[in-house]
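In this note's numbering, the protein residues as written are 2 to 437.
In structure tokens, the structure reads:
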């Protein structure tokens with residue numbers, strides 16, 4: 002870790018998920034003080050579906066010295082298998098993820114959310130874990146002043162800082178407070194539940210090919226399974242009427258849905274009921290998945306990132322990666338600002354936040370649109386979607402898909418203040434790290 006510097010500047014991070022913890026690592030390396038406020042009573046807990054971590058994000062973990070420690074937490078994805086829900090017939094199979102991994106020197110990796118949180122949390126400095134992370138606290142309000150912020154908690158206490166960064170999810174309290182203070186008009190693409198999913202973790206690989214991402218589809222339904230050496234993750238998604246209402250589901254509703262899905266095919270020759278028998282029930286839940294894009298990600302001394310700012314369904318696997326690269330840019334902006342202005346004015350902070358959103362919007366806007374189109378294609382929302390996915394897609398060669406992914410991956414962000422020697426790649430990175 003870089004030597005910390007004494008600084009009056011303090012970042013209040015709301016949310017101790019993977020993106021919030023990554024930001025904590027970045028700020029620690031920059032010598033910037035921070036505190037994390039987490040509403041749950043523990044940081045590492047059995048919650049969250051499997052998630053795909055793309056090569057450009059693995060590169061950031063490597064820059065922080067975490068990649069070599071991640072071996073026990075992940076499964077490398079190598080193959081893609083596309084099939085039909087009703088009969089399990091494969092319509093396309095390839096070594097897509099293996100080729101992408103070779104091109105970019107890092108694999109496409111599958112983590113459970115809990116495992117990724119554990120990797121990030123357990124490798125923070127002990128003093129940070131003891132003094133800079135507050136659990137079982139709920140943010141209820143924020144007051145901004147000329148030179149600081151005060152974050153009020155439900156227990157009656159308050160936390161002082163220089164800025165607030167909300168990475169507190171799609172139902173972000175930070176976003177609500179920020180928009181109320183700014184008196185912002187309603188977002189043009191508000192956060193709405195559009196799909197309902199059942200997800201869980203498997204106690205084995207179910208006899209399926211390790212390193213394979215299985216994706217099964219039909220009209221109004223898509224399932225995905227990521228299979229590792231000794232475990233796996235699944236999710237089944239179906240469209241629902243769009244709503245802003247937040248709903249929670251009981252175990253009885255979960256089990257009823259699993260029974261309803263029992264005969265759909267999630268891998269060649271494998272009905273969902275076989276997978277459900279191997280599911281660790283403490284990990285299995287129904288969730289509504291939202292889509293939405295916040296028009297403005299900051300106001301004054303408050304900013305938001307990741308799902309608080311833009312949300313896609315899990316079909317693309319982009320959400321976590323987009324969030325980590327956004328807070329990478331934010332950390333770079335803060336580090337640069339504090340080099341020239343250790344006690345920055347609200348106007349200077351506002352400019353840094355503006356640059357952060359402008360830089361990230363160039364990518365996230367496009368990914369949001371593509372992500373929305375992708376899930377509607379694989380669930381055959383329209384006749385043209387069915388025609389493309391069922392008739393054209395099986396004939397699209399792996400080279401074209403690898404090229405499209407490569408254009409997205411090579412634009413990955415890098416921490417501008419952490420010296421790092423890149424690995425040899427076949428597709429050069431657009432953003433280079435500082436040298437030793």
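Beta carbons are placed, not taken as given, at the ideal position from N, Cα and C, and that holds for glycine.
Here the structure is a predicted model, which is why all the values come from computation and not from measurement.
Query	Result
Beta strand (DSSP E) segment containing residue 234, residue limits	233-244
Exposure of residue 209, with buried meaning 16 or more beta-carbon neighbours within 10 Å	buried
Burial state of residue 292, where buried means 16 or more other Cβ atoms lie within 10 Å	buried
Minimum C-alpha distance to residue 282 - residue among 50, 355, 377, 328	50
In chain order, each beta strand (DSSP E) run of at least 3 residues that lies wholly inside the stretch 251-282	266-268
Cross-strand partners of residue 226 (DSSP beta bridge)	215, 235
Residue 138 versus 145, 153, 339, residue with shortest Cα-Cα distance	153
Exposed unless 16 or more other CB atoms sit within 10 angstroms - verdict on residue 383	exposed
Beta-ladder partner(s) of residue 202, from DSSP	234, 281
Within-8 Å CB hit, residue 121 to chain C	Any reference to chain C falls outside this structure, which holds one protein chain only.
Meets three-Cβ-pair contact criterion under 8 Å: the stretch 93-112 and the stretch 396-411	yes
Counted within 10 angstroms of its Cβ, other Cβ atoms place residue 217 as buried (16 or more) or exposed	buried
Rounded Cβ spacing between residue 22 and residue 122 (contact assumed at less than 8 Å)	6 Å
Euclidean distance between Cα positions of residue 309 and residue 395	35 Å
Nearest residue (CA-CA) to residue 453, options 328, 371, 242, 258	Because the chain here runs from 2 to 437, residue 453 falls outside it and cannot be looked at.
Contact under 8 Å by Cβ, residue 24 with residue 140	no
Through-space distance from residue 161 to residue 233, alpha-carbon basis	42 Å
Integer Cβ distance of residue 304 from residue 166, believed to fall under 8 Å	5 Å
Residue 81: first and last residue of the uninterrupted beta strand (DSSP E) it sits in	80-85
Closest by C-alpha distance to residue 63, when choosing among 36, 385, 27	27
Residues near residue 68 by beta carbon distance below 7 Å, same chain, minus five either side	59, 62
Strand pairing of residue 221, partner residues [DSSP]	Answer is none; residue 221 lacks a bridge partner.
Check: residue 197 C-beta below 7 Å from any heavy atom of the ligand MN	This structure lacks the ligand MN, and indeed carries no ligand of any kind.
Local Cβ density within 10 Å of residue 431, reported as buried at 16 or more and exposed below that	exposed
Environment of residue 174 [buried if 16+ CB atoms lie within 10 Å]	buried
Helix, strand or coil at residue 112 according to DSSP, with G and I counted as helix	strand
Coarse secondary structure for residue 3, derived from DSSP in three states	Because residue 3 carries a pLDDT of 41, less than 50, the predicted location of this residue cannot be relied on, and the following value inherits that uncertainty. DSSP places residue 3 in coil when its eight states are reduced to three.
Neighbourhood of residue 295 by C-beta, 6 Å cutoff - its chain only, sequence neighbours within 5 removed	188, 310
Contact the stretch 226-240 vs the stretch 261-269: 3+ CB pairs below 8 Å	yes
Delimiting residues of the beta strand (DSSP E) encompassing residue 178	Per DSSP, residue 178 belongs to no beta strand (DSSP E); it is in the alpha helix (DSSP H), 174-183.
Delimiting residues of the alpha helix (DSSP H) encompassing residue 330	320-341
Proximity to residue 171 [Cα-Cα], best of 301, 239, 307	307
Outcome for residue 388 when other beta-carbon atoms lying within 10 angstroms are tallied against a minimum of 16	exposed
Presumed contact (8 Å Cβ cut-off) between residue 237 and residue 196, rounded CB distance	Residue 237 to residue 196, Cβ: 10 Å. No contact.
Sub-8 Å separation of residue 434 and residue 421 beta-carbons	yes
Contacting residues, own chain, Cβ-Cβ under 8 Å from residue 318 (five flanking each side not counted)	52, 53, 55
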